[in-house]
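**Student:** Below you will find the structure I want to go over with you.
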Amino acid sequence: GMMVNGEPSLTCKTFVRDLPDKVRIEPLENFPIERDLVVVQDDVMEKLQRAKPWIIRKDDPPEDREFTQSRAALYKFKQYTMCVNCMCCYAACPQYGLDPDFIGPAVLALAHRYNQDSRDQGKSERLDILADHDGVWQCSFVGACSEVCPKSVDPAAAVQQMKVDGAIEWWKQKLPGGKS
298 GMMVNGEPSL TCKTFVRDLP DKVRIEPLEN FPIERDLVVV QDDVMEKLQR
348 AKPWIIRKDD PPEDREFTQS RAALYKFKQY TMCVNCMCCY AACPQYGLDP
398 DFIGPAVLAL AHRYNQDSRD QGKSERLDIL ADHDGVWQCS FVGACSEVCP
448 KSVDPAAAVQ QMKVDGAIEW WKQKLPGGKS
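Counting in our numbering, the sequence shown runs from 298 upward without gaps.
Next comes the structure, spelled out in structure tokens:
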């Protein structure tokens with residue numbers, strides 16, 4: 298991703314013929330510049346690892362089988378698998394621009410993908426990280442991340458759903474005998 302005429306864009310899918318006569322290409326906003334149009338994404342990659350974007354299981358798979366999933370279960374999170382890590386959402390996110398400690402839209406959307414996966418058992422483990430101070434509660438719900446996504450992923454919706462999930466998880470832990 299890069300800034301094209303001031304807007305975060307997936308430049309490999311942007312055609313010059315569709316743009317006005319003057320085209321300005323810049324590195325993505327909200328990232329340190331490594332060189333020319335290349336930005337440093339180390340911060341986001343570190344946050345991605347903290348979010349544990351993989352299936353977490355507490356039990357072993359059934360013998361001679363895999364953990365299966367229905368088509369309906371897949372459709373609950375399929376849109377979040379479409380992210381290509383272009384980082385346009387981070388360039389559009391005013392909160393990430395103001396507070397680089399904010400985990401950010403792509404990481405939260407990918408974590409939500411695994412939280413919605415029927416084969417995963419790591420939701421509460423992830424929510425401990427994602428529903429913390431620099432996680433979902435830092436999002437001010439401008440929605441710019443979803444507007445600029447070239448793959449129609451909706452990180453803003455994922456963040457709002459995780460706010461609900463985080464609140465439910467918090468209350469479960471506060472109620473008598475409510476360990477999650």
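Note that CB positions come from ideal geometry on N, CA and C, so glycine has one too.
Owing to the predicted nature of the structure, the values given are computational and were not obtained by experimental measurement.
1) In this structure, what does DSSP give as the bridge partners for E304?
2) Count the other C-beta atoms from every protein chain shown that fall within 10 angstroms of the C-beta of V320, then say buried if there are 16 or more, exposed otherwise.
3) Bridge partners for R332 per DSSP, in chain order?
4) Between the C-alpha atoms of D417 and A408, what's the straight-line distance to the nearest angstrom?
5) Helix, strand or coil: how does DSSP classify E422 here?
6) If the criterion is Cβ atoms closer than 8 Å, does the pair L334 and M299 meet it?
7) Hey, would you say A441 sits closer than 8 Å to P397, going by beta carbons?
8) Would you identify the three-state DSSP class for I465, choosing helix, strand or coil?
9) Quick one: residues in its chain with C-beta nearer than 8 Å to the C-beta of G463, no 5 flanking neighbours on either side, listed in chain order?
10) Measure how close the beta-carbons of R388 and N327 come, nearest whole angstrom, since I'm counting them as under 8 Å.
**Tutor:** Reading it off the structure:
1) Under DSSP, E304 takes part in a beta bridge, and its partners are V301.
2) With fewer than 16 neighbouring CB atoms inside 10 Å of its own CB, V320 falls in the exposed class.
3) V335
4) About 11 Å.
5) helix
6) Going by C-beta atoms, L334 is nearer than 8 Å to M299.
7) no
8) helix
9) L424, L427, A428, G432, V433 and W434
10) At residue 388 the sequence reads Ala, which differs from the Arg that was named. Contact flag correct, Cβ pair sits at about 6 Å.
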